[in-house]
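Protein chains: 4
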Amino acid sequence: MNVHSLIPMEQNPSKKVQILESALELIKENGFHGCPISQVAKQASVAAGSVYTYFESKDEMILELYTYVKTEVAKKISEKDDPKKNFEARFFDLWNNVTSLYREKPAFQSFLDQFSSSPYNTEAVQLECDPLGQWLEAFFKEGVESGQLKALNPKIISIMVLGSLISLVRFTTYFKAKTASAAQDLHLIPQMVWDGIKFQS
Amino acid sequence: MNVHSLIPMEQNPSKKVQILESALELIKENGFHGCPISQVAKQASVAAGSVYTYFESKDEMILELYTYVKTEVAKKISEKDDPKKNFEARFFDLWNNVTSLYREKPAFQSFLDQFSSSPYNTEAVQLECDPLGQWLEAFFKEGVESGQLKALNPKIISIMVLGSLISLVRFTTYFKAKTASAAQDLHLIPQMVWDGIKFQS
Amino acid sequence: MNVHSLIPMEQNPSKKVQILESALELIKENGFHGCPISQVAKQASVAAGSVYTYFESKDEMILELYTYVKTEVAKKISEKDDPKKNFEARFFDLWNNVTSLYREKPAFQSFLDQFSSSPYNTEAVQLECDPLGQWLEAFFKEGVESGQLKALNPKIISIMVLGSLISLVRFTTYFKAKTASAAQDLHLIPQMVWDGIKFQS
Amino acid sequence: MNVHSLIPMEQNPSKKVQILESALELIKENGFHGCPISQVAKQASVAAGSVYTYFESKDEMILELYTYVKTEVAKKISEKDDPKKNFEARFFDLWNNVTSLYREKPAFQSFLDQFSSSPYNTEAVQLECDPLGQWLEAFFKEGVESGQLKALNPKIISIMVLGSLISLVRFTTYFKAKTASAAQDLHLIPQMVWDGIKFQS
DNA sequence: CATGAATGAGAATTCATTCAT
DNA sequence: CATGAATGAATTCTCATTCAT
C-alpha cells in the first residue's frame, strides 16, 4: 500500500536557502557578472534546472536574495539591541554589531553594497517591505524623541549613519593594505558619527 | 591644486573620450550588465572593432573609465576650492560642489558607486594613482594641521565624509519618492558631518 | 455505418480523455510548440508524471490523439448520414456536417491540419486503421457504383473533396478578415466541388 | 595603403539564402521541431551566432522564409504562364507547373504546408504582401471576366483550386504506398477541378 | 587606422522524463 | 496509481573579440 505524504511541503525550504547562499557567495567573490546559474546550482549541489523550481528567473532570485539578506541582517541587529541601556551605549552597540556582522558575513555586506548601486535597486524594490530600514528608523526616532539626538528626521540620521558605516566597512573589507596606516584610528569613526548626530546642549 | 588630465594623447583623443563617455552613460542607465561593446561603439559612433584600437579589452576600458572619472571629478572639485576662505567655509563649499557635480553628471556618481562595490575594484586598482583621494587627504590634512578638525588621520576623515556624501547622493538619486518626506532636512546632513569632524574646544 | 470508440478502457478512461482534450486545446491555441506536458497536465488537472501512466511518451500521446480525433470525427460524420436520401443530397449533407463539426470543434480541424503536415504523419501512421478515410472511401464508392459520380477511384475523389474542404475551413478559421469580401460566395464552393465529381451525362 | 570597399554590401545575400535554404531543408525533413539554430547553422556552414547577423530571432527567420518561398514559387509559376494560350490550357499548365515545382522542390511544398497550419500563420502574416496569392487571384479573375470560368469571386476559386492541389501533393508526397493503387487516376484530378470551376453553358 | 561580419564559448531558460514518497 | 520535485540535455540568444577588406 502506498503511503501518501501527510506533510504538505510546498517546497523544500532548505534547498531554496542553499541556492540563495550559493548565489550570495558567488556574488561576493565575482560580482553579478560571476554568478551564472550553472555555478550557483553546482555550488548548491542541485541541477541547473532546479533553480527554476524555486525562482521564476535569475532576476527574481536576486531580488529574493535581497529580501533574504535584509531580513537576516535586521533580525541579527535587532536581537542584539538592549533597550534598557542608555541611548549612547545602544548607538555604539549598534555600530559594533553591524561591523562585526559584516566581518563575520562579508557576503552580506558585499551583496547589499553591489545590489544598492546596481540597476536591480529600483524605486519599486525600495518601496517594498524593508525590515532593516524600518528598524533603524524606529531606533533613531527613539533617540530623537528622548532628546538624545538632534531634532532631525530619523530617516536623515539613518542615511548619514549608514553611509559612514558602509563606507567604513567597504574600505576595511576591500582594502586592508591601504588602510593599514589608518587602521589604528578606525575605531574613532563611530565617535565622529555620534558627535555629528548627538544633541548639543 | 589643479589636476591635469591623465588621458594619454596617443591616437585620436576625442574618439577615446567619446567611447568612455558612451560607456559611462550606458553603465549609468543599465549597469555593467547593460553595456555591451556593440552598444558602446554605436553610441560613440564608431565601429565595434575600433574600441579595440583604444583599449586592450573591455575590462581595460572599464578600468580606464575609472581613472577617467576620478580624474575629472578631482579636477572639477579642486578647481572650485578657494584656499583663501576659512576652512569651515571650504568644507561646506566642497560638500556643495560634490553634490552639484553629481547632480549635473549623475553618470559620474553612478559609475563610481557601481565600480567601487564591484569586483573590478581590486586592491591593485586602489593602489594606483588616485588624484581624488589624494586631493581629499591633503584637504583634510590642512584642516587637521590648522587645528580646525579633530586630530585624526585625514584618511579616516575622508572615509567618513565621503561615505555620508555617497550615501546621501545615492538616496537622492535613486529614490526621489522615498525621501520626499525627508527632503526638507537633507541640507542638514553636512552640518551633522561637520559637527562630527570639527575640533571641539 | 457507426464507428465505435477505439480508446481502450484500461485505466481511468475519463482521465485519459481529459489529457487528450487538454493537449488538443493547447495544440489548437499554440501549436505543437506550445503544449508542454506540464501544461497539458495542469489543464487536465493531473500531475505531470501521471501523463506517463496513460502514455509511453509525449510522441505516443500525440499519435493516440490523432487516432482519437479521427475516430471522433468519423463517428459524428457517419452518424449524421442518412442513406435513404439521394446521393447528391447526402453529399451536400456531408459537406455541411463536416464544416459545422469543424466550426463547433475548431480544435479538431486545427489538430488534424497540423498533424497532417507534420513529420508525425509518417506513412506507417497512415497505414494504420483510418476509420474516417475508410468511411469516406465507402461513401464515394457508393456514389460511383450507383452511377451518380464519375467513374473514378473513390480514393481520388476523397482526396479532391477533402482538399477543397480543408482548404475552405482553414481559410475561414484563420482569416476571417481576409475572406470577408469573399464570404458571401463561400457557400458556392460545395457546388463547384459537386460539379467536379458528378457524373456528366 | 588600405583599400576601402567601394561596394556597399549591407549583408552577404548569398549567406542569408544559404541559411534560409538550410532551414527549409531541415523543416522538410524534421518539421519545426527539428530545426534548431545549431543545425541550421551547421548545414549552412556558418557559426550559430551568425544566423543572428541576418535575422533578429528564429521566429523572424521562419517568417522571412515564408516570404522567400512564396516569392520563389510566385516567380516560377508566373514565368511559365503563357497568356497567349486559351484559358483552359493555361489552367492545366498551371496545375502541372505547380505539381512539377513541388515535385522538384518538395521542401517548398512541405514548408508552406506546415507553415500554413502552424501558429506562425497569423492574420497579420497573411495581410502582408502575398505575391503568390495575388498572382493566382489575377489569373482566375481573367478567367471569370473572359467568361470561361463561373462568375464567382476569384478568391473563392483560388481557395478551391489550391485546396485540391495541396491535398493532392500532400498525398503523393507523403504516402506513395497508400496511393499506389490510385496512382493511375491521379491525373484525373485537374479535370475534376476544371469541371468544377468552368463556365457551364 | 576603421570597419563590421563572423565567430563560438557561454548564459538563461525550457521541458520530457524519472522516481522517491 | 498519483504526485510533483528534481534532473540535465538541448535550445535560443548574447557578446567579447578577431580579422579580412
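Chains as they are written, first to last, in full-length UniProt numbering: chain A, 1 to 201; chain B, 1 to 201; chain C, 1 to 201; chain D, 1 to 201.
Backbone N, C-alpha and C fix where the C-beta goes; we use that ideal spot for every residue, glycine too.
On a predicted model such as this, the values are computed, not experimentally measured, just so you know.
Secondary structure of B:Lys16, DSSP reduced to three states: In the second sequence, the residue the question calls residue 16 of chain B occupies position 16. In this structure, B:Lys16 counts as helix in the three-state DSSP scheme.
Identity of the residues DSSP links to A:Leu112 by a beta bridge: Taking the first sequence and counting its residues from 1, the one referred to as residue 112 of chain A is at position 112. Answer is none; A:Leu112 lacks a bridge partner.
Cβ pair C:Tyr66, C:Tyr120 closer than 9 Å: To locate residue 66 of chain C, count along the third sequence from 1; it is residue 66. To locate residue 120 of chain C, count along the third sequence from 1; it is residue 120. Yes.
As assigned by DSSP and simplified to three states, the class of D:Leu152: On the fourth sequence, residue 152 of chain D is found 152 positions in, with the first residue counted as 1. Note: D:Leu152 maps to coil in three-state DSSP.
Neighbour list for D:Gln114 in chain C, Cβ cutoff strictly below 7 Å: The count along the fourth sequence starts at 1 and reaches residue 114 of chain D at position 114. Under the 7 Å cutoff, chain C gives Ser117 and Ser118.
Which listed residue (B:Phe92, B:Leu24 and B:Ser158) has its alpha carbon closest to that of B:Gln134: As a first step, residue 134 of chain B is located in the second sequence; it is residue number 134 there, counting from the start. The residue with the shortest Cα to Cα distance from B:Gln134 is B:Ser158.
Terminal residues of the alpha helix (DSSP H) in which D:Asp59 lies: Start at 1 with the first residue of the fourth sequence, and residue 59 of chain D comes out as number 59. Element bounds for D:Asp59: Lys58 to Glu79.
Candidates D:Ser110, D:Gln148, D:Lys155 and D:Ala107, of which the one nearest D:Asp130 by Cα: Stepping through the fourth sequence from its first residue, residue 130 of chain D is reached at position 130. Minimum Cα distance to D:Asp130 is reached at D:Lys155.
Among B:Asn86, B:Lys84 and B:Gln18, the one whose alpha carbon lies nearest that of B:Met61: Looking up residue 61 of chain B in the second sequence gives position 61. With respect to the C-alpha of B:Met61, the residue from B:Asn86, B:Lys84 and B:Gln18 having the closest C-alpha is B:Gln18.
Environment of C:Thr172 [buried if 16+ CB atoms lie within 10 Å]: Residue mapping note: residue 172 of chain C aligns to position 172 of the third sequence, counting from 1. Residue environment: C:Thr172 is assigned as buried (16 or more neighbouring CB atoms within 10 Å of its CB, all protein chains considered).
Same chain only: Cβ atoms within 6 Å of A:Ala44, ignoring 5 sequence neighbours per side: Translated into positions along the first sequence, residue 44 of chain A becomes position 44. Cβ within range, chain order: Gln18, Ile19 and Ser22.
Bridge-paired residues (DSSP) for A:Lys198: Here residue 198 of chain A refers to the residue found at position 198 of the first sequence. In the DSSP output, where bridge partners are listed per residue, A:Lys198 has A:Leu149.
Collapsed DSSP secondary structure at D:Val193 in the structure displayed: Residue mapping note: residue 193 of chain D aligns to position 193 of the fourth sequence, counting from 1. Correct three-state label for D:Val193: helix.
Closer than 9 Å to chain A by CB, B:Phe171: Residue numbering aside, residue 171 of chain B sits at position 171 when the second sequence is read from its first letter. At a cut-off of 9 Å between beta-carbon atoms, B:Phe171 makes contact with chain A.
Separation of B:Lys80 from A:Lys80, as counted between CA atoms: Position 80 of the first sequence, counting from 1, holds the residue named residue 80 of chain A. Position 80 of the second sequence, counting from 1, holds the residue named residue 80 of chain B. Going by the C-alpha atoms only, they are around 45 Å apart.
Reference D:Glu142; option with closest CA among D:Thr99, D:Lys84, D:Asp195 and D:Ser117: Taking the first residue of the fourth sequence as 1, we reach residue 142 of chain D at position 142. Taking only the C-alpha atoms, the option nearest D:Glu142 is D:Lys84.
Those runs of the alpha helix (DSSP H) which lie wholly inside the UniProt DNA-binding region "H-T-H motif" (36-55) of chain A and span at least 4 residues: The DSSP assignment places complete alpha helix (DSSP H) segments of no fewer than 4 residues inside the UniProt DNA-binding region "H-T-H motif" (36-55) of chain A at 37-43 and 51-54, in order along the chain.
Interface flag, C:Lys85 vs chain D, CB-CB below 9 Å: Counting from 1 along the third sequence, the entry for residue 85 of chain C is found at position 85. No, C:Lys85 does not count as interfacial toward chain D.
Members of the region 9-36 of chain A near chain B, C-beta cut-off 8 Å: For chain B, the residues of the region 9-36 of chain A that bring a beta carbon within less than 8 Å of one of its beta carbons are Glu29, Asn30, Gly31, Phe32, His33 and Gly34, in chain order.
Positions along the region 82-107 of chain D whose CB lies within less than 9 Å of some CB in chain C: Within the region 82-107 of chain D, not one residue has a Cβ closer than 9 Å to any Cβ of chain C.
C-alpha distance - A:Asn2 paired with A:Val51, whole-angstrom precision: As a first step, residue 2 of chain A is located in the first sequence; it is residue number 2 there, counting from the start. As a first step, residue 51 of chain A is located in the first sequence; it is residue number 51 there, counting from the start. Below a pLDDT of 50, predicted positions are generally treated as unreliable, and A:Asn2, at 39, falls in that range; no measurement from the model is reported.
CB contact below 9 Å: D:Gln200 versus chain C: Numbered from its first residue, the fourth sequence carries residue 200 of chain D at position 200. So, interface residue.
Reduced DSSP secondary structure (H/G/I, E/B, other) of C:Tyr120: One-based indexing of the third sequence puts residue 120 of chain C at position 120. The answer is coil: DSSP assigns C:Tyr120 none of H, G, I, E or B.
Cβ-based burial, B:Gln109 [other Cβ within 10 Å; buried from 16]: Here residue 109 of chain B refers to the residue found at position 109 of the second sequence. Counting Cβ neighbours within 10 Å, B:Gln109 comes out buried, since at least 16 surround it.
Nearest to D:Lys75 (by Cα), restricted to the options D:Arg90, D:Asn97 and D:Glu64: Stepping through the fourth sequence from its first residue, residue 75 of chain D is reached at position 75. For D:Lys75, the nearest C-alpha among the options comes from D:Asn97.
Residue from D:Ser116, D:Lys16 and D:Trp194 with nearest C-alpha to D:Val144: In the fourth sequence, residue 144 of chain D corresponds to position 144, counting from 1. Of D:Ser116, D:Lys16 and D:Trp194, the residue nearest in Cα terms is D:Trp194.
Cβ-based neighbour list, A:Trp95, same chain, cut-off 6 Å, excluding 5 preceding and 5 following: The residue given as residue 95 of chain A occupies position 95 in the first sequence. Pro190.
Partner residues on chain B for A:Val193, Cβ-Cβ distance less than 8 Å: Mapped onto the first sequence, residue 193 of chain A falls at position 193. Going along chain B in sequence order, the residues near A:Val193 (Cβ under 8 Å) are Met160 and Gly196.
Straight-line Cα distance separating D:Gln114 from C:Ser116: One-based indexing of the third sequence puts residue 116 of chain C at position 116. One-based indexing of the fourth sequence puts residue 114 of chain D at position 114. Going by C-alpha positions, C:Ser116 is about 9 Å away from D:Gln114.
Under 7 Å by beta carbon: chain B residues contacting A:Ser164: On the first sequence, residue 164 of chain A is found 164 positions in, with the first residue counted as 1. Neighbours of A:Ser164 in chain B, taken as residues whose beta carbon is under 7 Å from its own, are Met160, Gly163 and Ser164 in chain order.
Contact list for C:Asp185 against chain D, beta-carbon separation under 7 Å: Sequence index remark: in the third sequence, residue 185 of chain C carries index 185 (1-based). Leu152, Asn153 and Ile156, listed in chain order.
Any C-beta of chain D under 9 Å from that of C:Ile189: The count along the third sequence starts at 1 and reaches residue 189 of chain C at position 189. Interface residue, yes.
Pick from A:Leu63, A:Pro106, A:Leu24 and A:Ser167 that is closest to A:Ala124, judged by C-alpha positions: Counting from 1 along the first sequence, the entry for residue 124 of chain A is found at position 124. Of the listed residues, the one whose Cα sits closest to A:Ala124 is A:Leu63.
Cut-off 7 Å between Cβ atoms - residues of its own chain near C:Ile37, not counting five sequence neighbours on either side: Here residue 37 of chain C is taken as the residue at index 37 of the third sequence, counted from 1. Excluding positions up to five away in sequence, the list reads Ala48, Val51 and Lys58.
Amino acids of chain A, ordered along the chain, whose beta-carbon sits closer than 7 Å to that of B:Leu168: In the second sequence, counting from the first residue as 1, residue 168 of chain B sits at position 168. Within chain A, the residues whose beta carbon sits less than 7 Å from that of B:Leu168 are Ile159 and Gly163, listed in sequence order.
C-beta neighbour in chain B for A:Ser110, strict 9 Å: Taking the first sequence and counting its residues from 1, the one referred to as residue 110 of chain A is at position 110. Yes, A:Ser110 counts as interfacial toward chain B.
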